[in-house]
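Only one structure is covered here, and it is reproduced in the block below.
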Amino acid sequence: MHILLGILIGSGYRRARKNAVDLSRDLLNKFGTFENIDQASITEIYQIQGIGAAKAAQIKAALEVGKRMAAKTSGKK
Numbered sequence: 001m002h003i004l005l006g007i008l009i010g011s012g013y014r015r016a017r018k019n020a021v022d023l024s025r026d027l028l029n030k031f032g033t034f035e036n037i038d039q040a041s042i043t044e045i046y047q048i049q050g051i052g053a054a055k056a057a058q059i060k061a062a063l064e065v066g067k068r069m070a071a072k073t074s075g076k077k
């Protein structure tokens, strides 16, 4: 799961020598699950060193797209 999140993050944090997968691990270590990341505010997400406000908003938007697609798919059954 952290690799998928790493793809969303896209780039790392050069000062801390962390790549995108490292940052995704940091997010999952702090929040535990995608569901908890989804419940977190953008401000809470960008408190992770290396995640800015724009990247936090992008993560939240991707999670929202996933929820909408899942809801649409479950409605077709």
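The sequence shown begins at 1 in this note's numbering and counts up one residue at a time.
Heads up, the beta-carbon is just placed ideally off N, CA and C, and yes, glycines get one too.
Values in this document were obtained by computation on a predicted structure and should not be read as measured data.
(request) Pull up the CB-CB distance for Asp38 and Leu63, whole angstroms please, since I reckon it's below 8 Å. (result) On the sequence shown, position 38 is the one that residue 38 refers to. On the sequence shown, position 63 is the one that residue 63 refers to. Confirmed, about 5 Å.
(request) Since I believe Leu28 is in contact with Ile48 (beta carbons under 8 Å), could you give me their beta-carbon distance rounded to a whole number of angstroms? (result) In the sequence shown, residue 48 corresponds to position 48, counting from 1. In the sequence shown, residue 28 corresponds to position 28, counting from 1. Actually they do not touch by this definition, with Cβ atoms about 10 Å apart.
(message) I'd like to confirm something about Ala20: is its beta-carbon nearer than 7 Å to some heavy atom of the ligand MN, or not?
(response) Among the ligands in the structure shown, none appear at all, so the ligand MN cannot be discussed.
(request) Within the same chain, show all residues whose beta-carbon is closer than 7 Å to that of Gly52, passing over the 5 residues directly before and after it, in chain order. (result) Numbered from 1 along the sequence shown, position 52 holds the residue referred to as residue 52. So the qualifying residues of the chain are Tyr46.
(message) If contacts are defined as beta-carbon pairs under 8 Å, then Ile42 and Ala57 qualify, I think. What distance do you get, rounded to the angstrom?
(response) Residue numbering aside, residue 42 sits at position 42 when the sequence shown is read from its first letter. Residue numbering aside, residue 57 sits at position 57 when the sequence shown is read from its first letter. Right, their Cβ atoms sit about 6 Å apart.
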